[in-house]
Structures are given as structure tokens and as C-alpha cells.
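Beneath this line is the structure, given in C-alpha cells, with notes to follow.
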Amino acid sequence: MVNIDWRLRRVGQTVFTAWAVITLSFVIVRMMPGNPMGAMIQQLEQRGMDPVRARQLVELRLSVDPTKPIPAAYVEYMVNMAQGNLGRSVYYQESVVDVIAQALPWTLFVLSWATFISFFIGISVGALMAYWEGGKLDVGLTSWAILMGSIPFYVLAIMLLIFMAYRWGWFPTGGRRATGVPPGLTWPYISGVIHHAALPILSMIVASGVASLGMRGNAIRVLGEDYLRVARLRGLSDVTISTQYVARNAILPMYTTLLIGIGEMFGGSIVLEQVFQYRGIGWYMLSATYQRDYPLMMGGFVVITLAVVIALLLADLTYGYLDPRARGQEHETY
Amino acid sequence: MTDASDDDGHNVGATGDADDFNGTTEAPDADSSRHADALSAIPSRDSTVADSTGTDAHAGSKPVRPDGGNVGVDSPFEVVSSVEETPLDRVRKAYDSYVRAPFFIVWTDWRARIGFTIVFTYLLMGIVGPHVIDPTEVGEAGALAKPFQNWEYPLGTDNMGRDLFSQVVFSTTEILKMVASGALATVGVGTFVGAVAGYKGGWVDTVLSSITDIFINLPGLPTVMVLALLLPIGGNPYVIGVLLSIAAWGGLARAIRSQMLTLRGESFVEASRAMGIPSRDIIFKEIVPHLMPFVVINLTNAARRVIFSAVGLYYLGILPFENLNWGITLNLAYGSGAHYRPGALHWFLVPMVAIVVFSVGLILLGQSLDRVFNPRVRARHEKRSEGVDGDGEDEAELTGEQMVGGV
């Protein structure tokens, strides 16, 4: 175990996590009290359907055979998952994979821009605050960031929706692209997409202002290090010091915070997309919940989780390159 | 074995306290004479040592200490408290170190004062409020009455004429219940798993860390959503709090584990292991107390998280409920179009302000707790005669921000 390459181990860990999550979803679907399968069968029977037929339908849709013993059903479920078969949506009468595949890019679009912009703003504002530590700007921005950090992003989203969309009409009140514009790489279409995504992105950026506080703390800590004094004594230029010494070391911990934030953002997209009626994966998962469309709901859950797991894997692997110290370390066993 | 170290701590504290006590009640002269009395009892041990070594001529007048030095009789280390510790003293001491000192330390900072006041107000509102204020009902007043117009319903009413102020007060109780169970569950599980994983290492660490990683990777809201829908949890706020902690403890466990990895190498841990203290006691009696500041600060963060996700889920209308709360008020407001209806803005604003103010209070409280646990601030408090010194501010600010940034 000691000699395995850390990247290989990290990938193994990810595969294990993915397996655990899918197993968990199986447990939820098949074994929990009040599980979706039983609920669906009940639903159909209440509509006067023949119990045998209802069972067959449910089996088709959830890709779990209710009559099989649990181990056999589990194997079948895993095989289906591995083949990308998440069942059929009851409400949309389409395969779950298709519904999710057309929704996921929109969510990724919003989330990646929100992450990117808030990371960028957090770093630059935090660096400025550290530079003018104790000044008026620093105190002001610190208080601002604390206040913003204490507003849940959905509260902010609702406020933005009320004022910027409904009252002042600067942005559309919902949807994800301009109506009546054919999709394609044309400016009207692209600008419509950006226009519709602006408010969701904005509400995530403002709410994540806490990042700047983290950056400020890191930068102040790095500024006090001895190696910086040495660097100055060596006569290195200010640019070299600030980019190669301060920034690089101060950003590293931020990167970890960002990574942990990815999962949170994906989860948050459910509320965000509901507020702005933005039809991404979160919106579909929520509407599936309302309609008791269990296959779509579980599919959304599995896909969101896998997306988070993969994002974290990519981030971790790149982190190893950014910070060589982070490449696997072993500890003595007590 | 652990008792030994524990007792040691007690004795040191007791001596200090007794001295303090004497200082306030008796004249210093009496005090020193007591010391001399106390000392006269001691030399027997020292003199035997001196006899056995038998090297020094003046051993009789100036006892040689076991370590070979000959520090004079005035050494404060030789003083034994001559005052018995009474139960009253003990209560007094506990009050001093757990209530009075933290309170005064916290009270020197304006942010802490605000934070404490806010959280205390919410507690009061949640515990006493429902007994003082009448529950609201449909048609109590006109629909969508403006706030601050009528003292019958100071914050206005919703579209069915229900008093929003009363709704806020009754919600607070529900939210506080969720916060209590959710924050305790998050911090309890997180600390336990993180501490054990970090200390034990080896396969225990591998297993626990893998479990932690799975829970960190679970996106919080969808998981809780699916579970809330499928589990027969009912509307019990305590159960919902615990449910919300499922997706929250992982981060804390990971943080505690990494702190543990640095602490486990400390010499006091090595000493404890050499003495054969069981791992359980080393972890929870020796090391975890060192992490208490971190844990308690995370308690306020966990509380904030519980509020955010609970209100978010209620806003989505997913969680079952028995009584109104902030999230449901938001849900009803959104559901009946208060976001585009003119004159309904206060319906959103009232629960939102309630959430944001509570959250600001919790952040400020977290920062001030950081001060309470900071030994340097504590020491300054003990020295200080009275009056505020300015440079405590920066320090608290710094540590406070690390806390915010790190989570």
C-alpha cells in the first residue's frame, strides 16, 4: 500500500466512492421503508392497474426487478448503471439519461462560471485587503464579506430576482435562453444564454465573498514568513516576490476550499435553478421530486454525486502538481 | 493513570486560587508567615536527601535539593497551600473560569457584544416567545398589511392575513430545535470520527477516512432531499436536524483528523502512550480537549449550516412540517407570487431578515468564542486591572477570519 503511486490510489478511492454512492442509491430504491419501488407500485395500483402489470412497468422504469431477491437485483442494478441505463422517467416518458444529458451542460455552464469568477474575485480582493491590511478598505471589505457570508445564496437570489428582473427589468425572470432564437453559434443566441445565466451566476458570486477573507488571511500569514525576508534580501523584484512567493503560497489553501465548495455548489444548484426557473439538472431533479418521478430523481442524485466525485478527483490530481508536498504521505500506526 | 495527570492540574489550580483568596482577605505578612510555616513541614524530605548525599558542609542550614541545586527557601515551588478547598471555593472557581472570565473577555469586543446579544435574543424569542405571543391564524387582519403600521401585527401580514411577527417568533422555536440537534450531531460525529481516524492511523484511518470521503463527496442538498422524501421522518424538528447533519459532518471530521495528525506527535501524547493509557482515554481526555476551541467554533458554523439548509429545503417545499417556519413562509410567499406582486415585498423580507440577522450573530459569536479560547487573550484578561486595550482587536480579527476562510 505504501508504494502505490498516490494518483493511482486517489483514482481507486474515487471508484470506491462512486461504487458506494450507487450502492447507497440502490439501498434507497430497493430496501428502505417507503422505498420508491413500493410507492410506484402503489401509485399504479391506485389508478386501477393490474398488480402484475404494475410491477412490470415499475421494473422497466426503475431498472430494478421487484420480484428478484436482493443480491440478484443488486447485481442487475449495477450492470444497468455501468451501461448508463438509469431507467425511464415517468413524467417525461423519456430515458432518464436523455433528460439529464440535455440538462447537465446548462448547470455546468452556470456553475463553472460562478466558480471561476468568484475564485478570481476572491483572490484579487483578498490580496488587496492583505496589502492594505488594517486600512479603511480592508475593514470595510472585511465587514462586507462577513455580511455577505451570512446571507444564504438563495435569499440573495430571490432578492436579485425581485429587483433586477421583476422591478427593474434588467434581466429575464426565468428560463435558460431567449425564446424564438434558433440554437446555434450566433450572437443573439449566445447573448441570450449569457443574459439568462447572469443572475444565477451573480447570486453565487456575491454569496461566496467569504473566499476573499480566506485569501486575505493566507496572504497576511505568508507575508510574515522568513523566506520572504530572505527573498527581499536577495534583491528579487517585487513582481517576482508577489507572484512567485506570496501568491503561489497563499492560493494553495484557497484551492482546497474551492474544491470542497464544488459539492456544495452542485447541491445549491437545486435551489438556485428553482428560484430562476433555470432548467438545469437541479431543476429537473426537484420537479421529479414534486411529481414523485422516482427514476428521474434517483438518476439526478446519482449523476450529481458522480459529477462532484469526478470534479473533486480532477481537482485533487491537479493539486498534487501545484503543491508537491500534498503527494501522499504515510503515518505511523498507533 | 489519567487521574494522576488530572489531579495534577487540579492541584495547581487550587494553589493558585487559594493564593488569590488569601491575597484578598488577609494581609501579605500573614501570608508569608504561613508560607514559612508550611515550609517548616517540608525540609524533612530535603534533609534526608542531603544526608544521603552528604556532600555539603552547610547542608543543615541550606538544604540541597534533589536535583542538586540549592535554591533558597523562598522558592515558590516549595509552597503548599495551607487552606483547604471548600465546596464553595470550588463553585467559585468554576464560576470564575467558566462564566465570569469568558464573559468579561467576550464583553471587551464590540462584535462579540453584538453577537451575544443577537443569539441571546433569538434564544429568548424561541424559548419564551411562544408563551407570550399569541399564535396567528388565518384572517386575523387584512391581507398583506404593511409592516410598522399597526401594533397588532407590527411586521405586517401575509396574503391570508396572518401576522408575520408571530410567525417569526413561532418559527424560531422550530429552527432552534433543528439547530440544537443538527449542530450537536454534526460536531459530535465529526469530532469522534476525525479524532479516532487521525490518532489511530493504519487501517482504522483508512476505513474511517474512506467513509468520511464518501460523505464529503455527497452533495448535501440532493442527499437530504432524497432521504427526507423517502424516510418516514415526519415533521419532528429534532429528526430533521440530525438528517441535515448527514451531509455536514465530513468536512469537520477531515479537519479534525489533520489537526490530530500534528497533535499525535506531541511529547505529551508520547508520554501518555508510554504510561500505557488506553487509546480511548488519550484521544478523548488528552488530545480532544486541545481541539476544543476549534470544535466549539465549528459548532457555530454547523449551526449556521443547519439553518441555511433547513430553510432552503423548507423553501423548496420538500421537508414535511408541523408548524410554520421561515423557510415555509418563504415558500408560501414565492408560491403566491410575492416576488412580482406589488406590495408584498415585506412577506419575503421578514423571514429573510430573521435568517440573516441570526446568521450574523452566529458568525460574530464564533469569532468571540475564538477569543475566549485564545490563551493570550485570556492571560491578558487575568493581568488587566480594568479597561480595554486596543490591540486585542486585530488578533481576534485575524484568527476569526482564518476560521471563516477555513470552513
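First to last, the sequence lines map onto chains A and B. With the first letter of the first sequence counted as 1, position 26 gets the number 25 in numbering that gives the first Met the number 0; the numbers rise by one all the way through. With the first letter of the second sequence counted as 1, position 71 gets the number 70 in numbering that gives the first Met the number 0; the numbers rise by one all the way through. Where a beta carbon is used, it is the ideal one built from N, C-alpha and C, also for glycine.
Interface flag, residue i vs chain A, CB-CB below 9 Å
{"i": "residue 303 (chain B)", "result": "yes"}
{"i": "residue 342 (chain B)", "result": "no"}
{"i": "residue 307 (chain B)", "result": "yes"}
{"i": "residue 347 (chain B)", "result": "yes"}
{"i": "residue 216 (chain B)", "result": "yes"}
{"i": "residue 118 (chain B)", "result": "no"}
{"i": "residue 59 (chain B)", "result": "Note on residue 59 (chain B): pLDDT 48, under 50, position unreliable in the model; the coordinate value appears next. Not one chain A Cβ lies under 9 Å of residue 59 (chain B)."}
{"i": "residue 252 (chain B)", "result": "no"}
{"i": "residue 162 (chain B)", "result": "no"}
CB contact below 9 Å: residue i versus chain B
{"i": "residue 269 (chain A)", "result": "yes"}
{"i": "residue 108 (chain A)", "result": "no"}
{"i": "residue 297 (chain A)", "result": "yes"}
{"i": "residue 12 (chain A)", "result": "yes"}
{"i": "residue 140 (chain A)", "result": "no"}
{"i": "residue 313 (chain A)", "result": "no"}
{"i": "residue 15 (chain A)", "result": "yes"}
{"i": "residue 288 (chain A)", "result": "yes"}
{"i": "residue 304 (chain A)", "result": "yes"}
{"i": "residue 25 (chain A)", "result": "no"}
{"i": "residue 118 (chain A)", "result": "no"}
{"i": "residue 113 (chain A)", "result": "no"}
{"i": "residue 321 (chain A)", "result": "no"}
{"i": "residue 245 (chain A)", "result": "no"}
Exposure of residue i, with buried meaning 16 or more beta-carbon neighbours within 10 Å
{"i": "residue 115 (chain B)", "result": "buried"}
{"i": "residue 279 (chain B)", "result": "exposed"}
{"i": "residue 83 (chain B)", "result": "exposed"}
{"i": "residue 16 (chain A)", "result": "buried"}
{"i": "residue 185 (chain A)", "result": "exposed"}
{"i": "residue 170 (chain A)", "result": "buried"}
{"i": "residue 224 (chain A)", "result": "exposed"}
{"i": "residue 239 (chain A)", "result": "exposed"}
{"i": "residue 206 (chain B)", "result": "exposed"}
{"i": "residue 166 (chain B)", "result": "buried"}
{"i": "residue 95 (chain B)", "result": "exposed"}
{"i": "residue 126 (chain B)", "result": "exposed"}
{"i": "residue 290 (chain B)", "result": "buried"}
{"i": "residue 52 (chain B)", "result": "Confidence at residue 52 (chain B) is low in this model, with a pLDDT of 44, below 50, so the placement of that residue should be treated as unreliable; the coordinate-derived value is given next. That one is exposed."}
{"i": "residue 273 (chain B)", "result": "exposed"}
{"i": "residue 106 (chain B)", "result": "exposed"}
{"i": "residue 70 (chain A)", "result": "exposed"}
{"i": "residue 282 (chain A)", "result": "buried"}
DSSP-derived helix/strand/coil call for residue i
{"i": "residue 25 (chain B)", "result": "Only weak support is given to the placement of residue 25 (chain B): the predicted model assigns it a pLDDT of 41, under 50, and the value that follows is read from those uncertain coordinates. DSSP places residue 25 (chain B) in coil when its eight states are reduced to three."}
{"i": "residue 87 (chain A)", "result": "strand"}
{"i": "residue 162 (chain B)", "result": "strand"}
{"i": "residue 149 (chain A)", "result": "coil"}
{"i": "residue 241 (chain A)", "result": "helix"}
{"i": "residue 135 (chain B)", "result": "coil"}
{"i": "residue 209 (chain B)", "result": "helix"}
{"i": "residue 156 (chain B)", "result": "strand"}
{"i": "residue 335 (chain B)", "result": "coil"}
{"i": "residue 236 (chain A)", "result": "coil"}
{"i": "residue 49 (chain A)", "result": "coil"}
{"i": "residue 246 (chain B)", "result": "coil"}
Continuous alpha helix (DSSP H) stretch holding residue i: start and end
{"i": "residue 269 (chain B)", "result": "266-273"}
{"i": "residue 304 (chain B)", "result": "287-315"}
{"i": "residue 18 (chain A)", "result": "5-25"}
{"i": "residue 119 (chain A)", "result": "95-130"}
{"i": "residue 75 (chain A)", "result": "69-81"}
{"i": "residue 182 (chain A)", "result": "From DSSP, residue 182 (chain A) is part of no alpha helix (DSSP H); its letter is neither H nor E."}
{"i": "residue 172 (chain A)", "result": "That residue, residue 172 (chain A), is in no alpha helix (DSSP H); it is neither H nor E in DSSP."}
### Task
Quick one: which residues of the segment 162-173 of chain A get their C-beta closer than 7 Å to a C-beta of chain B? List them in chain order.
Residues are counted here when their Cβ sits less than 7 Å from a Cβ of chain B; for the segment 162-173 of chain A these are 165, given in chain order.
### Query
If contact means a Cβ-Cβ distance below 9 Å, which residues of the segment 76-101 of chain A contact chain B?
Residues passing the 9 Å Cβ filter: none.
### Query
Quick one, which residues of the segment 272-284 of chain A are near chain B if we go by CB-CB under 7 Å, in chain order?
Only those residues of the segment 272-284 of chain A whose C-beta falls short of 7 Å from the nearest C-beta of chain B are listed: 273, 284.
### Task
Pull out every residue of the segment 145-157 of chain A whose Cβ sits closer than 8 Å to any Cβ of chain B, in chain order.
Within the segment 145-157 of chain A, 145, 146, 148, 149, 150, 151, 153, 154, 157 place their CB atoms closer than 8 Å to a CB of chain B, listed in sequence order.
### Query
Which residues, in chain order, does the segment 267-290 of chain B contribute to contact with chain A at a C-beta distance below 8 Å?
Per Cβ criterion, the list reads 272, 278.
### Task
Give, in chain order, every residue of the segment 219-232 of chain A whose Cβ lies closer than 9 Å to some Cβ of chain B.
Those residues of the segment 219-232 of chain A that come within reach of chain B (Cβ to Cβ, closer than 9 Å) are 219, 220.
#### Entry: Residues of the segment 346-368 of chain B with Cβ closer than 7 Å to any Cβ of chain A, in chain order
Per Cβ criterion, the list reads 347, 351, 354, 355, 358, 359, 362.
### Task
Closer than 9 Å, Cβ to Cβ, to anything on chain A: give me those residues from the segment 222-236 of chain B, in chain order.
Listed by position, the residues of the segment 222-236 of chain B near chain A (Cβ gap below 9 Å) are 222, 223, 224, 225, 226, 228, 229, 230, 231.
### Query
Going along the chain, which residues of the segment 313-327 of chain B sit with their C-beta nearer than 7 Å to a C-beta in chain A?
The residues in question are 314, 315, 317.
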